[in-house]
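Mind the numbering: the sequence shown is residues 296 to 486 in my numbering, read in order.
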Amino acid sequence: IEDYSYPLLAWHPKGNLVAMVYEYKNQLLLHTYDIESGEEVKRIIPLFEKVNSINYNSDGKKIVMSAVKRGKGQSDVFVFGVNTSAVEQLTNDAWDDKNPVFVRDGKQIVFASNRLYDTLRPADDANNFLKFNRNSDLFMSPYPNKDNKVLVRVTRTPDCNEDFPQRYGNDYITYLSDVTGIYNRYVARYD
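This is the structure we're talking about:
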């Protein structure tokens, strides 16, 4: 069955390289194409059964992605080393984490999630699903995340969705919110 959510695209910060993630013969591929030289590189992305979104950091050496590990069935945030193919897992819980982006020169990652808490808990139990939240808020994590278990909650709106965060300069992020009943673009500033 064809998966129409692919290909995923992300432009390198220099603007000369586009990264594409797509499925080919039941494997996920990261395909980069240099529009100036015509050079192409294809590599298999191991460990994942689905990638939901990708985004480069400010120097283009890492890609942050929302992905589902094989056999897990949950979307988490991962950082993929472009040159090394190393994979770092930022979140590991039952909540849906989506559309992560690097901000603040790659020192933080902002993502949308339906989590109820700002604390990373690897072993969330089934009782949390009784309070399951279908609406998403924005959360921010330091990167690299060295044993920091607390996220910064950017928004707290239980009755509406915030999604698709993007960096906007160095001191702002933009995102979509349906707080008025339709999606509008909002701007958040770092304190």
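We put the CB at the ideal spot given by N, CA and C, even for glycine.
{"query": "Ignoring anything shorter than 3 residues, give me the beta strand (DSSP E) runs that lie fully in the stretch 414–475, in order along the chain.", "result": "432–437, 457–463, 467–472"}
{"query": "Using C-beta distances below 6 Å, list every residue in its chain close to L446, excluding the 5 sequence neighbours before and after it, in chain order.", "result": "D413, F434, S436"}
{"query": "On the three-pair Cβ rule with 8 Å, is the stretch 306–314 touching the stretch 339–348?", "result": "no"}
{"query": "Return the CA-CA distance between Y299 and E318, expressed in angstroms with no decimal places.", "result": "10 Å"}
{"query": "For the beta strand (DSSP E) containing W306, list its first residue and its last residue.", "result": "303–306"}
{"query": "Taking 7 Å as the line, does the beta carbon of T469 fall inside it for any heavy atom of the ligand GDP?", "result": "This structure lacks the ligand GDP; in fact it carries no ligand of any kind."}
{"query": "Hey, would you say V474 sits closer than 8 Å to C455, going by beta carbons?", "result": "yes"}
{"query": "Who are K357's beta bridge partners in DSSP?", "result": "G376"}
{"query": "Quickly, what does DSSP pair L385 with across the bridge? List them, please.", "result": "None, per the DSSP bridge assignment."}
{"query": "For R480, which of helix, strand or coil comes out of DSSP?", "result": "strand"}
{"query": "Which term fits T386, buried or exposed, when burial requires 16 or more other beta carbons within 10 angstroms of its beta carbon?", "result": "buried"}
{"query": "How about R365 and E334: do their beta carbons lie closer than 8 Å?", "result": "no"}
{"query": "Look at the alpha carbon of A421 and the alpha carbon of L415, and state the distance between them as a whole number of angstroms.", "result": "The predicted model places A421 with a pLDDT of 49, which falls under 50 and marks its position as unreliable; any figure quoted below should be read in that light. The alpha-carbon atoms of A421 and L415 are separated by roughly 15 Å."}
{"query": "Rounded to whole angstroms, what is the Cα-Cα separation between I330 and A314?", "result": "11 Å"}
{"query": "What's the gap between the Cα of H326 and the Cα of D391?", "result": "26 Å"}
{"query": "Return yes when the Cβ of K357 is within less than 8 Å of the Cβ of V377, no when it is not.", "result": "yes"}
{"query": "Taking the straight line between their C-alpha atoms, what separation do you get for Y485 and K320?", "result": "44 Å"}
{"query": "Since Y470 and E457 are thought to touch, with beta carbons under 8 Å apart, how far apart are those beta carbons, to the nearest angstrom?", "result": "5 Å"}
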